[in-house]
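A.B. asks: Before I ask anything, let me first share the structure, which is written out below as structure tokens.
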Amino acid sequence: MELGRALRTTCMAIVMATTSTMAFAQQATDGEWPMAAHDHANTRYSPLGQITPANVAQLKLVFSFDMAVNRGQEAAPVVVGSTMYVVAPYPNFLYALDLAKPQAPLKWKFAPNPAAKAQGVACCDVVNRGVAFADGKVFMNTLDGQSIAVDAATGKEVWRTKLADIAKGETITMAPLVVKDKVLVGNSGGELGVRGWLVALDTATGKEAWRAWSTGPDADVLIGPDFKPYYESDRGKDLGVKTWPGQAWTIGGGNVWGWLSYDAQADLVYYGTANPGPWNPEQRPGANKWTAGIFARRPEDGQARWFYQYSPHDLHDYDGVNENVLLDLPWRGSPRKLLVHPDRNGYVYVLDRLSGQVLSAEPFVHITTTEGVDLKTGQLKYNPKKQPRVGEVIREICPVSPGGKDWQPSAWSPRTQLLYIPHQNMCQDTETYDVSYIAGTPYVGVDNKMYGGPGGNRGVFTAWDVLAGRPRWRIPERFPVWSGALATAGDVVFYGTMEGWFKAVDAKSGKQLWQFKTESGIIGQPISYRGPDGRQYVAILSGVGGWAGAIVSGSLDARDGTAAKGFVNAMKDLPAFTGKGGRLYVFALP
Amino acid sequence: MSSRCPDQVLAMAMAAALLLPAAAHAGDASPLRVCADPDNLPYSHRDGSGFENRIARLVAADLKRPLDYFWQEQRRGFVRKTLGAGECDVFIGVPAGFDKVLRTRPYYRSTYVAVSRRGEPPFAGFAPDQLRGRRFGVQLIGNDLAASPPGYALAEGGATANVTGFLVYGDGPAARRMVDAVAGKAIDVALVWGPQAGWFVRHAPVPLELAPVRPPAGLPLPFDYAIAMGVRKGDTALRDRLDDVLRRRRADIDAILADYAVPRVDAPAAPEGAP
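Line by line, the protein sequences are chains R and Z. For what it's worth, numbering that gives the first Met the number 0 labels the leading residue of the first sequence as 0, then goes sequentially. For what it's worth, numbering that gives the first Met the number 0 labels the leading residue of the second sequence as 0, then goes sequentially.
Right under this line is the structure:
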């Protein structure tokens, strides 16, 4: 289907010319944005080039749309044909907007009615990161753990499949990915002892085709004869059991709440697994496979091809779920199929995506918790001085638990050969503090206090030279840059700030060219599309929240620095800069 | 840190309790709004069967105020969603060192206990040789270094593979599942918070033993905690009224706790092996 649509495009030659270093931009026609990451390669690169550094200053608001939910808006709108589909945080309303009509009026609204209880168990605000379009259907997930297919033309439900159990703390916040006749969905909830999985559902019926667990025996993890990990440490039988004490793997985390990529040529799906949980590190000795790492799997049956563990026996909540951008580039002189991944642990990894070999791992933020990656063994080198220990104060743990970078996805421009990374610049102190109380059980909790890293600015927007393994330029921001990035063929790059500024910068120099103040902080994912009138549009959701913005969306008390697991301490001044919101903004040149 | 108010604070509270009620609350018939978990026995239940339900009735009756509940599961964010949101005014039980709320004077102190089957060797401390060959269960609260204190002690003693974590999230109270696991021989020893252990041991289908446990020397985590009532920070008027009730109705409250087999300790227990 993807191929058929690609052949229909009238601009194929141009697309091919501008995307020669991109793996698979071809599944979207040049003007559409059919999935959160734009394409299976996760480039977030729009081949539209009407908006340029020379004219972007004239960008004007064309229309806006009230999402009717004032919580963290992390979703990417999706555009196919002349319709935009956009999903709200809990209660997860799905809207279809008619782009062919002035002011893009509502075509239909779908209310999935998730269970209210889901709000109480979601760890980090009640977000939803977007939907996927395929075969005339919109695929969405709800916070209470359902996957739903909605008819794109009518807004009527086609099927719904209950996947997660909120009674156990299991939720779904990720954006699904459609690969051939399957929609891929993963769960959240590692903090609560939820065992991670990725599920493939039949796009036509919603029936479960396979489920790959992130911990447990090989049969559960879908590890078979095809499994050929690059490193010795990932070889052996049932490592998803043996690298845990006792039965700890049964509640071991490794959730799949981040991004999925797909290489059609290699026929492999790539995705990261979250941190191990819920035991403290000293109570779960071992590498805790297959958490905090990346899997390559065959979409047909889910069988694993390789795995690499970014953070073995994770100590700091460094989930491995960030985006994997698939690029075909000359590496040290010869063409290579690469996978680029900026991890929470602070390194930009470049992997050979066919074998799982780490080609480089260079720090993009200030790091104290580790001292690099051994490229021979693939092992992350931990700094023992920064290991959390009960009863001890550990200062200057960098990066923080949300990482050098959290879920907020980067964008790749084949024109500049730069990866645009929105991220944090933060450190934390950990100390035991007074008594805490959950479900009638007293214990001594740990106080995580996060604060700005070197320079004091808590956020950075970095243009990263993937081949050189170093930054080309950086833009410091007051707050963590919790929005996604968008790269375009016009050499203009977009991102948003938590104060609510939507910004356009020069892709080559990082010079700020334009900005617009939205009603609330921005933690969404900017996209670009060609409207039915032939013009290039740029869209972004505004509405602060998420883990970083919970102080506003959850009305947390700024005096309690340990709220939102310590993030509130670092965000005390956010309420002075922005309020709650939930609005879609769409811009174009006059 | 957690257990005792400085004497002068107590003295002020008592003085205020004696002076304030007549002035501030004379004829106050507004409901006493209690924040409680709807399904967390033995503490509270929507049907009123928990000991905190009974204490709430006693306090409301003493204050001659109607009793009202706001039900909220006692999980992450429960203070914010209850007191913080103005939905209710008092928790019947919180640890005396819980600084998210303003506490009354503590009215009981309990401890983590070991639950084992009658007729089998009792729990004998955290020395590595005592931990080998037996299967343990602990309450598991979540990551970010938030496990139960006996969980740490087990890990320090080298016991990890033979330890099962019972998540406080899931079907019913973790303590009930743990006591069931001991009764059903899935584990040998459950290290459970006292008030929960006392209640579920009493209702277990087979005879079980319960004994207080003490932390190993050097573990910076207490095993026993004093419990107080909690009100919104700044609500000293209500706190003082409650302190007054707790002082006057001490015997009645003790009787309720005894009814529910709440294990009590009088003073902070000394660490194992300490002089």
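Every residue gets a Cβ at the ideal spot worked out from N, C-alpha and C, and that includes glycine. The structure presented is a predicted model; accordingly, all values stated were derived computationally and were not measured.
1) For the stretch 85 to 122 of chain R, list the alpha helix (DSSP H) runs that are entirely contained and at least 4 residues long, ordered along the chain.
2) Closer than 8 Å by C-beta to residue 88(Z): which residues in its own chain qualify, once you throw out the five before and the five after it? Chain order, please.
3) Please decide whether residue 405(R) counts as near chain Z, where near means a Cβ-Cβ distance under 7 Å.
4) For the 8 Å Cβ check, are there 3 or more pairs between the stretch 497 to 508 of chain R and the stretch 62 to 77 of chain R?
5) Helix, strand or coil, according to DSSP, for residue 80(Z) in the structure here?
6) Suppose you measure from the CA of residue 355(R) to the CA of residue 306(R); what does that come to, to the nearest Å?
7) Nearest by alpha-carbon distance to residue 72(R): which of 47(R), 549(R), 83(R) is it?
8) Classify residue 357(R) as buried or exposed, calling it buried when 16 or more other Cβ atoms lie within 10 Å of its own Cβ.
9) Looking at the unbroken alpha helix (DSSP H) that takes in residue 552(R), where does it start and where does it end?
10) On the premise that residue 192(R) lies in contact with residue 277(R), defined as a C-beta separation below 8 Å, what is that separation, rounded to the nearest angstrom?
11) Given residue 555(R), which residues of its chain have a CB within under 7 Å of its CB, disregarding the five upstream and five downstream residues?
12) Does the stretch 28 to 36 of chain R come close enough to the stretch 70 to 90 of chain R that 3 or more CB-CB pairs lie under 8 Å?
13) Determine which residues of the stretch 416 to 429 of chain R have a Cβ less than 7 Å from any Cβ of chain Z, and write them out in chain order.
14) With the cut-off set at 7 Å, would you say residue 136(R) and residue 148(R) are in Cβ contact?
15) What does residue 62(R) pair with, by DSSP beta-bridge criteria?
16) Verify whether the separation of the beta carbon atoms of residue 461(R) and residue 45(R) is less than 7 Å.
17) Using the C-alpha atoms, what's the distance from residue 235(R) back to residue 260(R)?
18) Measure the C-alpha to C-alpha separation of residue 70(Z) and residue 45(Z) and round it to an integer number of angstroms.
19) Is it right to say residue 224(R) is buried, meaning 16 or more other beta carbons lie within 10 angstroms of its own, or is it exposed?
20) Would you mind telling me which residues of chain R sit closer than 8 Å to residue 154(Z), beta carbon to beta carbon, in chain order?
21) Under three-state DSSP, which class holds residue 229(R)?
22) Using the C-alpha atoms, what's the distance from residue 545(R) back to residue 401(R)?
23) Can you tell which of 491(R), 493(R), 551(R) has the C-alpha that lies nearest to the C-alpha of residue 575(R)?
24) What residues in its chain sit with their C-beta under 8 Å from that of residue 25(Z), if we drop five residues either side in the sequence?
25) Taking C-alpha atoms, which residue in 453(R), 510(R), 399(R) lies nearest to residue 547(R)?
26) Does the separation of the CB atoms of residue 438(R) and residue 195(Z) fall below 7 Å?
27) Taking 6 Å as the limit between beta carbons, can you name the residues of its chain near residue 395(R), skipping five residues before and five after?
28) Buried or exposed, going by whether 16 or more other CB atoms sit within 10 Å of the CB of residue 181(R)?
29) Please identify the residue among 389(R), 512(R), 365(R) whose C-alpha is closest to the C-alpha of residue 459(R).
30) From what residue to what residue does the beta strand (DSSP E) around residue 135(Z) run?
31) Note down, in chain order, each residue of its chain lying with its Cβ closer than 6 Å to the Cβ of residue 83(R), except the 5 sequence neighbours on either side.
32) Using DSSP with H/G/I as helix, E/B as strand and the rest coil, what is residue 256(Z)?
33) For a quick check, are the C-beta atoms of residue 226(Z) and residue 107(Z) less than 7 Å apart?
34) According to DSSP, simplified to helix, strand and coil, what is residue 41(R)?
35) Using a C-beta cutoff of 7 Å, does residue 74(Z) count as contacting chain R?
36) Mind pulling the chain Z residues with CB within less than 8 Å of residue 246(R)?
C.D. replies: Here's the rundown:
1) Here the runs fully enclosed are 117 to 120.
2) The residue you call residue 88(Z) lines up with position 89 of the second sequence. So the list reads 31, 32, 33, 34, 82, 230, 231, 234, 237, once near-sequence residues are dropped.
3) The residue given as residue 405(R) occupies position 406 in the first sequence. Cβ-Cβ to chain Z under 7 Å: no for residue 405(R).
4) no
5) Against the second sequence, residue 80(Z) aligns to sequence position 81. In the three-state DSSP reduction, residue 80(Z) falls in the helix class (H, G or I).
6) Looking up residue 355(R) in the first sequence gives position 356. Looking up residue 306(R) in the first sequence gives position 307. Residue 355(R) and residue 306(R): Cα-Cα distance of roughly 7 Å.
7) As a working note, residue 72(R) is residue 73 in the first sequence. Out of 47(R), 549(R), 83(R), 549(R) has the C-alpha closest to the C-alpha of residue 72(R).
8) Here residue 357(R) refers to the residue found at position 358 when the first sequence is read from its first residue. So residue 357(R) ends up on the buried side.
9) As a position in the first sequence, residue 552(R) is number 553, starting the count at 1. Run containing residue 552(R): 545 to 552, per the alpha helix (DSSP H) assignment.
10) If you number the first sequence from 1, residue 277(R) lands on position 278. If you number the first sequence from 1, residue 192(R) lands on position 193. The beta carbons of residue 277(R) and residue 192(R) sit about 4 Å from each other, so the pair counts as a contact at 8 Å.
11) Counted from its first residue, the first sequence places residue 555(R) at position 556. So the qualifying residues of the chain are 549, 562, 563, 567.
12) yes
13) none
14) In the first sequence, residue 136(R) corresponds to position 137, counting from 1. In the first sequence, residue 148(R) corresponds to position 149, counting from 1. A contact, by the Cβ cut-off of 7 Å.
15) As a working mapping, residue 62(R) is identified with position 63 in the first sequence. According to DSSP, residue 62(R) bridges with 585(R).
16) By one-based count along the first sequence, residue 461(R) stands at place 462. By one-based count along the first sequence, residue 45(R) stands at place 46. In this structure, residue 45(R) does not lie closer than 7 Å to residue 461(R) by Cβ.
17) Here residue 260(R) corresponds to residue number 261 of the first sequence, with the count starting at 1. Here residue 235(R) corresponds to residue number 236 of the first sequence, with the count starting at 1. Distance between the alpha carbons of residue 260(R) and residue 235(R) is about 26 Å.
18) Taking the second sequence and counting its residues from 1, one reaches residue 70(Z) at position 71. Taking the second sequence and counting its residues from 1, one reaches residue 45(Z) at position 46. The straight-line gap separating the alpha-carbon atoms of residue 70(Z) and residue 45(Z) is approximately 8 Å.
19) Counting from one through the first sequence, the residue named residue 224(R) turns up at place 225. That one is exposed.
20) Here residue 154(Z) is taken as the residue at index 155 of the second sequence, counted from 1. Close to residue 154(Z), with beta-carbon spacing below 8 Å, are these residues of chain R in chain order: 279, 281, 282.
21) In the first sequence, residue 229(R) corresponds to position 230, counting from 1. Here residue 229(R) sits in coil by DSSP.
22) For this step, residue 401(R) is matched to residue 402 along the first sequence. For this step, residue 545(R) is matched to residue 546 along the first sequence. So the two alpha carbons sit approximately 11 Å from each other.
23) Residue 575(R) sits at position 576 when you count from the first residue of the first sequence. Residue 551(R) is the option with its Cα nearest to residue 575(R).
24) Taking the first residue of the second sequence as 1, we reach residue 25(Z) at position 26. Residue placement at residue 25(Z) is flagged as unreliable, the pLDDT there being 44, under the threshold of 50; the coordinate-derived value follows with that caveat. Nothing listed; no residue qualifies.
25) Along the first sequence, one-based indexing puts residue 547(R) at 548. For the options 453(R), 510(R), 399(R), the alpha carbon positioned closest to that of residue 547(R) is the one of 399(R).
26) Here the question's residue 438(R) lines up with position 439 in the first sequence. Here the question's residue 195(Z) lines up with position 196 in the second sequence. No, the Cβ-Cβ distance between residue 438(R) and residue 195(Z) is not below 7 Å.
27) Mapped onto the first sequence, residue 395(R) falls at position 396. If we look at residue 395(R) and ignore the five residues flanking it on each side, its Cβ neighbours are 367, 426.
28) Stepping through the first sequence from its first residue, residue 181(R) is reached at position 182. Buried: at least 16 other Cβ atoms inside 10 Å.
29) Counted from its first residue, the first sequence places residue 459(R) at position 460. Of 389(R), 512(R), 365(R), the smallest CA-CA separation from residue 459(R) is found for 365(R).
30) As a first step, residue 135(Z) must be located in the second sequence, where it is residue number 136. Counting along the chain, the beta strand (DSSP E) containing residue 135(Z) begins and ends at 135 to 139.
31) Counted from its first residue, the first sequence places residue 83(R) at position 84. Once the five neighbours on either side are set aside, the close Cβ partners of residue 83(R) are 76, 96, 98.
32) Residue numbering aside, residue 256(Z) sits at position 257 when the second sequence is read from its first letter. Correct three-state label for residue 256(Z): helix.
33) Numbered from 1 along the second sequence, position 227 holds the residue referred to as residue 226(Z). Numbered from 1 along the second sequence, position 108 holds the residue referred to as residue 107(Z). Contact: yes.
34) Within the first sequence, the letter at position 42 stands for residue 41(R). DSSP places residue 41(R) in the coil class of the three-state scheme, outside both helix and strand.
35) To locate residue 74(Z), count along the second sequence from 1; it is residue 75. At least one chain R Cβ lies under 7 Å of residue 74(Z).
36) By one-based count along the first sequence, residue 246(R) stands at place 247. Simply 163.
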